[in-house]
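Residue numbers (UniProt numbering), protein chains in the order written: chain A, 1 to 395; chain B, 1 to 361. Heads up, the beta-carbon is just placed ideally off N, CA and C, and yes, glycines get one too.
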């Protein structure tokens, strides 16, 4: 482009045929158009808001919210501010997203491997699962779990119990809550100590392998350290963990941890739906490693387990990671469907109730979109870093 | 040639050998097969009896359902509502005509050697919106007007998905060209536009369209709720479309661009006559796939109060005169979506194989 422009100049071409001049004009026009459009929007919005009596600015965040939220990880009650509802919603969104990412990844890898199983029945079952689940809208699946399955569970008085510590009914799942007591610090210290020990042994084993070529059974040793050290610490501290077991009081259960049905339905549907996409990604990733790689590893005398760990998985991860990232992003975005069943996520609480009560549409929508934008950029950044670590090193 | 030594050994073929190899090859495969087979046998039986044997197909009101199996009476009684929403009964032939035109335009696309397939496709993209614009809202030619608040059901789902995809295609092409432009400012604007829309969930876009759009527009200019949702869906979808088309543009070898420039074609003729026809052909499967996801995502409009097919079902399963029909309703909607999405995705896969001419890399 540049060379052409210089040539055009030297041969005395008219300026409106000169690509460089043209491109400058187009870009100036584009910028002018964007600014003009933005100005018109702002102008319209301000005059519209003035005529409807809506004030601008973020002052409303300090006002009292006055509505309750059925689930909050951050301390919250109705006397707190609208600003606090933002954090409550954000925490709930992050909670269901993290739970969903973990469950969908585990499930997706299992199903993806099952799809390639030598067992005909297992492979076909995985295929049916994938084709059925991913062709049905997620919102419908959330409705199904929430309205058709979970709300048909027995009422609190007839709730199903597992070992009289875990209860399921149509109000949710009730789990005993661990309560740390005196001496629990010793157990934590044991865990920290074990982690440090594993890191140190791993470094030592690596150095030894580089020096002598001998492999060290790292996985077994690491597991042994991680289990024994905290266990010994736990015993020495004298069982420092109490349990707050839920119990039926009046019409519902009190105590313990409650998983509300909205969260459960959203989590199940998100995990199952995303897992069907991840399974396909995993399958194509494994298939992308050519057979020659496995055969070469076998020819070198590597046992099957090591072939998988050192040859096949690292190479397939390169193919799997980029689409997996976009599935994680989709899951976080899809968690906003919570608003359809009333799980108090960011969209339901902040963009729903807070927006309706305050009428501050511009500020609320901008804040919500900024949150999703940040999460998306963060996840892609992290995954890009990881991707760079596993990518082919060309020297 | 009947020398037995060159024939395969008898035991290597046949069902028993097949089962031995594919179901019972190792001890853990034996265990897995038996467990899975047991699970399938125990769950399929009750499912079949719920779906068919104990189900009620005939009848006209809730009393005709025994409650032992599925109550399909509910679906058949409310089918009109699920398909047309509140569209007045005597005018429903207009919607039926549109369904017919839609089928005439697009079903032949699945058949390789259908005469005039391309012309029908062109009609589907250009003529169909015009026909729909006249037929469905009514107005001209003495057709009585039907407001968009009365549209609903499957009809609304198809309208949203169809307009969303058709309108986002040209915007997506422009955005993709902009993103690959050599002008830094144009490129920057397109990148920001695409990435922002792709990063936010569709629900926030729909909320924005329904709550914020009226604030953005000058006073007096107001859109109906459906039009606002369509604007949101189109902008959101065009960002995805742009990324798909960009993939196609990148797959065209550099030589094609250079050859077109060498022939003296300007930018728009180079793109329009040489690059885009090849690039768009390459990304047809990708476009079909985005269409499938858009089709599934149209269900989200029920959150801003439009009654698409899921919305109509959701609003009737809570109807007190019918008890416990939620599962039947959801199964019906799931079946509709599944047939559609599975069929189209199979088509897109076969297209991918056919179009794979091998010069992608």
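Closer than 8 Å to chain B by CB, residue 254(A): As a first step, residue 254(A) is located in the first chain; it is residue number 254 there, counting from the start. It does not: the Cβ of residue 254(A) has no partner Cβ on chain B nearer than 8 Å.
Cβ of residue 341(B) within 8 Å of any chain A Cβ: The count along the second chain starts at 1 and reaches residue 341(B) at position 341. Contact of residue 341(B) with chain A is assigned, a C-beta pair being separated by under 8 Å.
Cβ neighbours of residue 189(B) in the same chain (closer than 8 Å, five flanking residues each side left out): Mapped onto the second chain, residue 189(B) falls at position 189. Cβ neighbours of residue 189(B) beyond the five flanking positions: 178.
Short-range partners of chain B found in the region 286–317 of chain A, where Cβ spacing is below 7 Å: The region 286–317 of chain A vs chain B, Cβ under 7 Å: nothing.
Straight-line gap, residue 32(B) to residue 291(A) (C-alpha atoms, nearest Å): As a first step, residue 32(B) must be located in the second chain, where it is residue number 32. As a first step, residue 291(A) must be located in the first chain, where it is residue number 291. Approximately 26 Å between the Cα atoms of the pair.
Under 8 Å (Cβ pairs) to chain A, residues found in the region 202–222 of chain B: Contacts with chain A (Cβ-Cβ distance below 8 Å) from the region 202–222 of chain B involve 202, 203, 204, 207, 208, 211, 212, 214, 215, 216, 217, 218 and 219, listed in chain order.
Chain-ordered neighbours of residue 250(B) on chain A, where CB pairs are closer than 8 Å: Counting from one through the second chain, the residue named residue 250(B) turns up at place 250. For the C-beta of residue 250(B), not a single chain A residue is nearer than 8 Å; the gap to the nearest is close to 15 Å.
Within 9 Å of chain A by C-beta, residues of the region 294–308 of chain B in sequence order: Within the region 294–308 of chain B, the residues whose Cβ lies closer than 9 Å to any Cβ of chain A are, in chain order, 295, 296, 297, 298, 299, 300, 302 and 303.
Where the beta strand (DSSP E) containing residue 258(A) begins and where it ends: Residue mapping note: residue 258(A) aligns to position 258 of the first chain, counting from 1. Membership of residue 258(A) in the beta strand (DSSP E) is indicated by the continuous run 257–259.
Span separating the alpha-carbon of residue 365(A) from that of residue 233(B): On the first chain, position 365 is the one that residue 365(A) refers to. On the second chain, position 233 is the one that residue 233(B) refers to. Computed Cα separation, rounded: 16 Å.
Residue 351(B) - DSSP class collapsed to helix/strand/coil: Counting from 1 along the second chain, the entry for residue 351(B) is found at position 351. For residue 351(B), the three-state secondary structure derived from DSSP is helix.
Residue 51(B) and residue 68(B) closer than 8 Å at C-beta: What you label residue 51(B) is simply residue 51 of the second chain in a count that begins at 1. What you label residue 68(B) is simply residue 68 of the second chain in a count that begins at 1. Going by C-beta atoms, residue 51(B) is not nearer than 8 Å to residue 68(B).
Amino acids of chain A, ordered along the chain, whose beta-carbon sits closer than 8 Å to that of residue 33(B): Stepping through the second chain from its first residue, residue 33(B) is reached at position 33. Per Cβ cutoff of 8 Å: 119, 121 and 122.
Opening and closing residue of the beta strand (DSSP E) in which residue 203(A) lies: As a first step, residue 203(A) must be located in the first chain, where it is residue number 203. That residue, residue 203(A), is in no beta strand (DSSP E); its alpha helix (DSSP H) goes 184–212.
Collapsed DSSP secondary structure at residue 365(B) in the structure displayed: No information on residue 365(B) is available, as it lies outside the stretch 1 to 361 that chain B covers here.
Segment contact flag, the region 255–272 of chain A with the region 137–150 of chain A, C-beta cutoff 8 Å, min 3 pairs: With a cut-off of 8 Å, the region 137–150 of chain A and the region 255–272 of chain A count as touching, because enough Cβ pairs lie within range.
Cutoff 8 Å: residue 158(B) Cβ touching any chain A Cβ: Start at 1 with the first residue of the second chain, and residue 158(B) comes out as number 158. No - not a single Cβ of chain A is within 8 Å of the one on residue 158(B).
Under 9 Å by beta carbon: chain B residues contacting residue 139(A): Locating residue 139(A) in the first chain gives position 139, counting from the first residue. Ordered by position in chain B, the residues that pass the 9 Å Cβ test against residue 139(A) are 296, 297, 299, 300, 302, 303 and 310.
Cross-chain neighbours of residue 354(A) in chain B, by beta carbon under 7 Å: To locate residue 354(A), count along the first chain from 1; it is residue 354. Within chain B, no residue comes near residue 354(A); the closest Cβ sits about 12 Å away, beyond 7 Å.
Cutoff 6 Å; reference residue 83(B); Cβ partners in own chain excluding five residues on either side: For the purposes of this step, residue 83(B) is taken as the residue at position 83 of the second chain. Counting only residues of its own chain and dropping the five nearest sequence neighbours on each side, residue 83(B) has a CB closer than 6 Å to the CB of 153 and 154.
Closer than 8 Å at the beta carbon, the chain B residues around residue 91(A): Within the first chain, numbered from 1, the residue matching residue 91(A) stands at position 91. None at all; the shortest Cβ gap to chain B is about 17 Å.
Buried or exposed by the 16-neighbour rule on C-beta atoms within 10 Å, applied to residue 147(B): In the second chain, the residue the question calls residue 147(B) occupies position 147. Label assigned to residue 147(B): exposed.
Three CB pairs or more closer than 8 Å across the region 83–95 of chain A and the region 60–68 of chain A: Because the criterion of three Cβ pairs below 8 Å is met, the region 83–95 of chain A and the region 60–68 of chain A touch.
Interface residues of chain A facing residue 314(B) [CB-CB closer than 7 Å]: Residue numbering aside, residue 314(B) sits at position 314 when the second chain is read from its first letter. At a C-beta separation below 7 Å, residue 314(B) has these neighbours in chain A: 143.
Segments assigned alpha helix (DSSP H), at least 4 residues, entirely inside the region 105–153 of chain A: As far as the region 105–153 of chain A is concerned, its whole alpha helix (DSSP H) runs of at least 4 residues are 120–133 and 138–143.
8 Å Cβ cutoff, residue 374(B) in contact with chain A: Because chain B is modelled from 1 through 361, residue 374(B) falls outside the range shown and cannot be assessed.
Residue 337(B) at chain A interface by Cβ criterion, 8 Å: Against the second chain, residue 337(B) aligns to sequence position 337. Answer yes: the Cβ-Cβ gap between residue 337(B) and chain A drops below 8 Å somewhere.
Close-in-space but distant-in-sequence residues of the same chain around residue 346(B) (CB under 8 Å, 5 per side omitted): Your numbering for residue 346(B) matches position 346 in the second chain. In the same chain as residue 346(B), and ignoring 5 residues on each side of it, no C-beta atom comes closer than 8 Å to its own.
CB contact check: residue 183(B) to chain A, cutoff 8 Å: As a working note, residue 183(B) is residue 183 in the second chain. Chain A contact via Cβ: present.
Contact set between the region 18–47 of chain B and chain A, restricted to residues whose Cβ is under 7 Å from the partner: Those would be 22, 23, 25, 29, 32, 33, 36 and 37, in chain order.
Residue 242(A): first and last residue of the uninterrupted alpha helix (DSSP H) it sits in: Here residue 242(A) refers to the residue found at position 242 when the first chain is read from its first residue. Premise fails: residue 242(A) lies in the beta strand (DSSP E), 241–244, not in any alpha helix (DSSP H).
Contact list for the region 185–200 of chain B against chain A, Cβ threshold 7 Å: Taking a C-beta cut-off of 7 Å against chain A, the contacting residues of the region 185–200 of chain B are 185, 186, 189, 196, 199 and 200, listed in chain order.
Neighbourhood of residue 178(A) by C-beta, 7 Å cutoff - its chain only, sequence neighbours within 5 removed: By 1-based counting over the first chain, the position of residue 178(A) is 178. The residues are 241 and 243.
Backbone secondary structure at residue 2(A) - three-state DSSP: Along the first chain, read from residue 1 onward, the residue named residue 2(A) stands at position 2. Confidence is the limiting factor: at residue 2(A) the pLDDT is only 48, short of 50, which leaves the residue's position unreliable and the question unanswerable from this model.
Cβ contact check for the region 314–323 of chain A and the region 45–54 of chain A: 3 or more pairs under 8 Å: The answer is no - the region 45–54 of chain A does not touch the region 314–323 of chain A, with fewer than three Cβ pairs under 8 Å.
Beta-carbon proximity of residue 46(B) to residue 44(A), cut-off 8 Å: In the second chain, the residue the question calls residue 46(B) occupies position 46. In the first chain, the residue the question calls residue 44(A) occupies position 44. Against a cut-off of 8 Å, the Cβ pair of residue 44(A) and residue 46(B) comes out as no contact.
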